[in-house]
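Participant: Mapping of the sequence shown onto our numbering: position 115 corresponds to residue 177, and the numbering continues sequentially without gaps. Take this structure first; my questions come after.
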Amino acid sequence: MEHLQEYVVQYGYLSIFFFLSLGIFGLPVPDELLVALAGYLTSAGTFQFLFTIIFTLSGVMVGSLFTYLIGRKLGKPLIQRFGKHLFLTPHRMHKIERWFMTYGSWTVTFGYFVPGMRHLICYISGMSGMSIHRYVLFAIPGVIVSTTVCLLLGYFIHLPFF
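Quick look at the structure:
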């Protein structure tokens, strides 16, 4: 976390955008902590709130769309080929797809509030065949609210690791 903090301070808003774009894609970067760090740096006067919110929201959304597209283009072939190694049998995949077709839109919105879930939701949304317009319609509220909450937590609560 210390190295991440130094990198964010040194390279600013673009590093936040870059890390969040890659983090949602699956890079092992703690997205929630990174956004909270950006909030803390905003409260310390290093960043301006407006630019921080723009770059964090943009980074999460770009990463989400990229991950959705990967799920859309490569998801099913990869699961068909390697799913058995992850205990994803065709029967289980069918159940997941059926459940996602019923509740998937709201799962996209609320999945952003569960750490780790947001990564899977993006892939599954693409794999399930959800239209990109529907995905964006339900992803945007989740991205805005969850990212703003993490940003404000970092802004108002000075956590010991910052």
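For every residue, glycine included, the Cβ atom is placed at its ideal position computed from N, Cα and C. Keep in mind that this is a model prediction, so the values were computed, not measured.
Counting pairs of Cβ atoms below 8 Å between the stretch 192-201 and the stretch 211-218, do you hit three or more?
Facilitator: These segments do not touch.
Participant: At which residues does the alpha helix (DSSP H) containing M123 begin and terminate?
Facilitator: Here the alpha helix (DSSP H) through M123 covers F111 to I132.
Participant: Taking 9 Å as the cut-off, decide whether the C-beta atoms of S187 and V170 are in contact.
Facilitator: The answer is yes: Cβ separation under 9 Å.
Participant: Can you list, in chain order, the residues of its chain whose CB lies under 7 Å from that of L131, leaving out five sequence neighbours each side?
Facilitator: If we look at L131 and ignore the five residues flanking it on each side, its Cβ neighbours are G188.
Participant: Among V70, K157 and G173, which residue has its Cα nearest to the Cα of S126?
Facilitator: Residue G173 is the option with its Cα nearest to S126.
Participant: Would F144 and S167 qualify as a contact pair, given that the criterion is a beta-carbon distance under 9 Å?
Facilitator: Taking 9 Å as the Cβ cut-off, F144 and S167 do not qualify as a contacting pair.
Participant: Between L112, Y197, G107 and F79, which has its C-alpha nearest L96's C-alpha?
Facilitator: If we check each option's Cα against that of L96, F79 comes out closest.
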